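Asks: Chains as they are written, first to last, in my numbering: chain A, 6 to 417; chain B, 363 to 1010. Even glycine gets a Cβ: it sits at the ideal position worked out from N, Cα and C. What you are looking at is a predicted structure, and each value in this text was computed from that prediction instead of being measured.
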Amino acid sequence: MTALAMTLLALVILVLGAAGSFKFRPLGFAGALIAILIGLTTCPIYYGVFIFIIALLNLLSLVALPNLIKGVDYSLVGLMALATMYVFTTRDFAMVLLALVLISVPTYILVMLREGKANVELALKYVTFMVFATVMFLTGALILVYSSPTGGFIYVIGYVLLVLGLSLEVGVAPLHEWVPDVFAAGDPIPISIIGSLAKVVPFIAALWILIPTVNSTMSSLTLFTAVLAAISMFTGNIGALTAREPARVLAYSTVANMGYVLSCFVVIARPDFAYLAIVGALLMLFANAVGKIGFFNAIKGDGAYSPLMYILAFSFIGVPPLLGFWGKLYILLSIAKMQYFWLVGVLVINSAISIPYYIRLAGELGDTWRPNLVNIICVIAVAVTMVSVLFLPVDWFFRNIVAIAHTLGVVV
Amino acid sequence: MNEWLTFLLLFLSPVVSSVPIAVLYKSKSWTARLPVLSVLGIFVSVVMSLYIFFNFPHELPDARFALPWIPGTGIEIVLITDYLSSYMGVITAVIAFFIAVYGLDYMKGDYRPSWYWFFFTLFTASMLLVVYSDNLFLLFVGWEGLGAASWGLIGHWFRDDDEIAYVGVPDRKVGPLELCWPPSFGGWRAISTIRFGDVPMFFAIAAIWALSGNLNISEIAWGALFTKLGAAGTIILMTMFLLGLFTKSAQLPFSEWLMTAMTGPTTVSALLHSATMVAAGAFVFIKVSWYIQPWRLHGVPGVESVYLLVLFVGLISALYGALVATGMLERKVLLAASTMSSLGLMFGTAAASYWIHEEIAGMNFALLVAFWYMAVHAFAKASLFLVSGHLIHATHTRFSVGGLELAKKMKVTFIVTVIATTFLVGMPPLTAYWVKSAMDEVMEHLLVHNGMLLPLILLLATSLTYSAILARFTSLNFIKGEKPKHEHLEGCNLMKLGYVLMVSVLFILLYRIFVNEETEIFVHAGYVNTSILVGLAILLAYVGAIYKPRITSLSAIGTFFNDRMYLPFVNDYIVPRIGFFIARIVNDFGNRAIDGFCNTLVMPGLFGAISRGIRAIQAGYLARYIKIVLGLVMIIVILVSLSTGGVI
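(1) Mapping the DSSP letters down to three states, classify D467 (chain B) as helix, strand or coil.
(2) Alpha carbon to alpha carbon, how far is T757 (chain B) from S380 (chain B)?
(3) Helix, strand or coil for M117 (chain A), going by three-state DSSP, please let me know.
(4) Taking the CB atoms as reference points, tell me whether A128 (chain A) and L107 (chain A) lie closer together than 8 Å.
(5) Apply the 10 Å Cβ neighbour rule to K590 (chain B) and answer buried if 16 or more other Cβ atoms are within range, or exposed otherwise.
(6) For the region 956-982 of chain B, which residues have a CB atom closer than 7 Å to at least one CB atom of chain A, in sequence order?
(7) Can you look up P544 (chain B) in the DSSP assignment and give me helix, strand or coil?
(8) If we cut at 8 Å on Cβ distances, does P179 (chain A) have a partner in chain B?
(9) Which of the three DSSP states is assigned to V417 (chain A) in this structure?
(10) Just checking, does the region 492-500 of chain B make contact with the region 887-895 of chain B on the three C-beta pairs under 8 Å criterion?
(11) Do you know how far the Cα of V529 (chain B) is from the Cα of L822 (chain B)?
(12) Taking 8 Å as the threshold, find out whether the region 589-605 of chain B comes into contact with the region 516-524 of chain B through three or more Cβ pairs.
(13) For V763 (chain B), which of B:K845, B:V885, B:A687 has the nearest alpha-carbon?
(14) Three-state secondary structure (DSSP) at S153 (chain A)?
(15) Can you give the Cα-Cα distance for L673 (chain B) and T784 (chain B), rounded to whole angstroms?
(16) From the beta carbon of V984 (chain B), is the nearest beta carbon of chain A less than 8 Å away?
(17) Report back the beta-carbon spacing between L808 (chain B) and L818 (chain B) to the nearest angstrom; my notes put them in contact at under 8 Å.
(18) Cα-Cα, which of B:L768, B:F776, B:Y735 is closest to Y795 (chain B)?
(19) Would you check if the distance between the CB atom of L868 (chain B) and the CB atom of V738 (chain B) is smaller than 8 Å?
(20) Please identify, using Cβ separations under 8 Å, the residues of the region 101-133 of chain A that lie next to chain B, in order along the chain.
(21) At a Cβ cut of 7 Å, what residues of the region 237-262 of chain A count as close to chain B, listed as they run along the chain?
(22) For the alpha helix (DSSP H) containing L753 (chain B), list its first residue and its last residue.
(23) What is the DSSP secondary structure of V440 (chain B), reduced to helix, strand or coil?
(24) Whose CA, out of A:Y310, A:P376, A:K305, A:V384, lies closest to the CA of E120 (chain A)?
(25) Could you check what DSSP says for K388 (chain B) in three-state terms: helix, strand or coil?
(26) Taking the Cβ atom as the reference point for each residue, do S268 (chain A) and N220 (chain A) lie within a distance shorter than 8 Å?
(27) Could you give the first and the last residue of the continuous beta strand (DSSP E) run that contains R474 (chain B)?
(28) Would you decide whether V399 (chain A) is buried or exposed? Buried here means 16 or more other CB atoms lie within 10 Å of its CB.
(29) Skipping 5 residues on each side, what residues in its chain have a beta carbon closer than 6 Å to that of G509 (chain B)?
(30) Looking only at its chain, what residues have a beta carbon closer than 7 Å to the beta carbon of V77 (chain A), apart from the 5 residues adjacent to it on each side?
(31) Assign N302 (chain A) to buried or exposed, taking buried as 16 or more other Cβ atoms, counted over all protein chains shown, within 10 Å of its Cβ.
(32) Using a Cβ-Cβ distance cut-off of 8 Å, determine whether S225 (chain A) contacts chain B.
(33) Evaluate Y987 (chain B) with the Cβ neighbour count: other Cβ atoms within 10 Å of its Cβ, from every protein chain shown; 16 or more gives buried, anything less gives exposed.
(34) Pick out whichever of A:L105, A:E126, A:I243, A:I214 has its Cα sitting closest to the Cα of T86 (chain A).
(35) So which residues on chain A does I990 (chain B) lean against when the C-beta distance must stay under 9 Å?
(36) For I162 (chain A), which residues in chain B fall below 8 Å Cβ to Cβ?
Structure (structure tokens):
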């Protein structure tokens, strides 16, 4: 069966689960779980397993949040996960844009979730920017595809709109204004979904549009992306230094992490080592996702087991052999190969700046061991950050790079 | 026997034999019995050194044994068994062995025998490594071993609980300083002074490697190295190297540590002052000069200045040591000052090699004299230290006391003292006389051929004073001293055996001087009229000082000398002041500035301000955010369009 057919089957199950959840709520959870298991078969296993675990953690977190649409919320996460899995394999321009919309829209609803009444005021703030971002992204994408054979001024506009749309969508500075407000005012659980699963598709969609439309003009635009990435890193990390509320610290940490990921975009015009950047970006996104899930759940549950918090913090800082280290390493390697040494320096300096607030955060959220859902989620998150030591052989990353490069059709 | 096995046994047997006592430090019964094993270990070294002396080649290149160690760095295990090393190795091992035998008695009942025996044997092994090394790095390993072990041994009685181990008169104050030092302070003074010299020496060795690509003393092309460096470079390099030797051998102005090193057990003083530690500095200078062959480098700039420096540092230290000793009240400190004096003579004579071209069997006359003086001095001085250790034990005071009554009770000790002193001062026709005569000839040569009068005057003044101080030592302890308050004369047979064996070697040396081919020239020097005259003057000085060891009308000068001409001020007052001053500057301007910049004011303030600025954007109003975002998007689009417009 084709990937599309499998995805459609998963969607049907998802809808059935959502419908069934009005009668019996766990059906929503079960439907979502089955749907993403089916979705797993549609994409490369190493990528799929990461998305599966992230989605599973999101689903598990939602168990702790009694809300108005209980049952349907699982299905929304399932839908996002399916879109994230599907976007990795498709090359269809329309499908890529559809996936982007499919992960955006559920978050409009999720952001409103909290115990009791819906958080409409917050949703308004969030949705306004998301709509704006999506429009810029789509416009930029259309212009790029249209103008890529000719290049020229219109291509530049397309590129800038796409990157700015992406920046607004994921929260890259200086278009990050919504991030601290939404992260601080929302319920930690839906925010953890917005901060984790929802970040992957926009980047992949942007890459999927940029790589085939690369032309000679692109190389003169890399500086713009690099500067944007550097601004985001500094804004995020320095902003987090004096932030007091844990959720706000995490908001700025997201801004910084999105800066790290965006810095990969300087490399995509070079097919000979673009794969390094893409692997780095993906690992960084995964590391960011499990870290955010762990920390937000700890906020929700008034703390989690202290050692787990510290390991997540170390992963964010980039201490080997945790996942965050590998992400940063591959990003660094790729931009070093591109001879963007100042950006390498900026990235390293920013990793150093981030140390105090991550450690402080781990200290504040750290607690004694309690056998509860929060700690189970955190244990899984920590296991993911230690994936290179716990589950996979040493050469896993290298084989992974080759596999991903083949999927992308990039020369190794 | 395989040569490497010989060397391995030579270096390792003392240390390995002390491992059991070091490990079993908690057991009283074992630590009382195990010292014998350590002594046995040193005995193995004696046998090996004798084996090397009689069976190994002494001529290069056969006398050099090399093994690779760290490739590409010049750091190799290169040992040499040339004339100097094979003799010095035997001297070191034999003296260490005799002292160790003596120590079996002397250290009985000590509170930490494990510490003592471990460091004692490490001390011996380190010195043997220094003696046999041809590679400067390997030599430096032994050199540092000496430093570490000396610290351990000088401060052996670290509890400072027994006044008998102190140096200086209790409660004697001059200005802000108390001129009395406990063992723990003595250990610290030793290691801190030595480190002051070791660091530049280490850099000098590194520079020698960098410039010549070789670290083996006998292989380095010294002449080419000095020519390459030029005058200033040579002087700087050699001065840095010499700082290590001067500090180790307690030459001026680094002599203070040697005086307070007397806070260690007497066995340590004996070893320290004869064949190890202080001798290491003079020995390395002789050895290096042996291969530098300065007498062949007369056209090379800088070399003369270096040797002139050593000549005068040595001779002035010699006179200073001898003068200071005339006022000393303590047995061991008197001997310590006389050692410094002897070392000065060794340095001075060895430095004279630059001007002395005469070679005997391929060996420079001046270096040969310096080396033989070192050998004679080692055994004589070790005997005297062992004697004074016994005296301290018997009279229970470190100050010189004892009259003829004591001499009658301690006949053997008295006889050994007389032999050791007379054989050392240069009285005809005893051992040192022949060597000293040759030394006179060396300095005379400087006068006749180079017009330098001062070295000869310094030598003669030192020789006469030296004779007087050793006579004074004999007189104050056995003839004209006050009656001791305590007398404890029983037992101590091993101690007696130790110094009797030690002093008897002086006869062997006398015999060798007459028999050996290369020392024939010493005998000739002894028959020269001027030498006989000097010898008689020395005899007179000795007899005079025996008769009148104290001149009361000169007691003020005596006190000045006993205070070592206030040199302690350099060590304990001026240098610490400079140190504290630097520390204050570093703290006030360095630490605080860095701290202020990085940790408390500038950087944290800057980051705080920027961080608050970043967060100040978050007012919470949607309208404001939209304005910001839309504005930024438009600005960025325009900026990028403008800046890339030129490219397109």
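Replies: The answer reads as follows:
(1) helix
(2) 31 Å
(3) coil
(4) no
(5) Exposed.
(6) F969, G970, I972, S973, R974, I976, R977, I979, Q980, G982
(7) coil
(8) yes
(9) Below a pLDDT of 50, predicted positions are generally treated as unreliable, and V417 (chain A), at 44, falls in that range; the measurement from the model is reported next regardless. In the structure shown, V417 (chain A) sits in coil (DSSP, three-state: anything other than H, G, I, E or B).
(10) no
(11) 30 Å
(12) No, they do not touch.
(13) B:K845
(14) coil
(15) 26 Å
(16) Note on identity: in this sequence residue 984 (chain B) is Leu, with Val being the wrong assignment. Yes, L984 (chain B) lies at the interface with chain A (some Cβ there is under 8 Å from its Cβ).
(17) 7 Å
(18) B:Y735
(19) yes
(20) L129, K130, T133
(21) T240, I243, G244, L246, T247, A248
(22) 727-757
(23) Three-state DSSP puts V440 (chain B) in a strand.
(24) For E120 (chain A), the nearest C-alpha among the options comes from A:K305.
(25) coil
(26) no
(27) For R474 (chain B), there is no enclosing beta strand (DSSP E), since its DSSP letter is neither H nor E.
(28) Residue placement at V399 (chain A) is poorly supported in this model, since its pLDDT is 47, which falls under 50; the coordinates still yield a value, given next. Flag for V399 (chain A) reads exposed.
(29) I556
(30) A23, S26, G33
(31) buried
(32) yes
(33) buried
(34) According to the sequence as given, residue 86 (chain A) is Ala; it is not Thr. It is A:L105.
(35) P179, L180, E182
(36) V999, S1003
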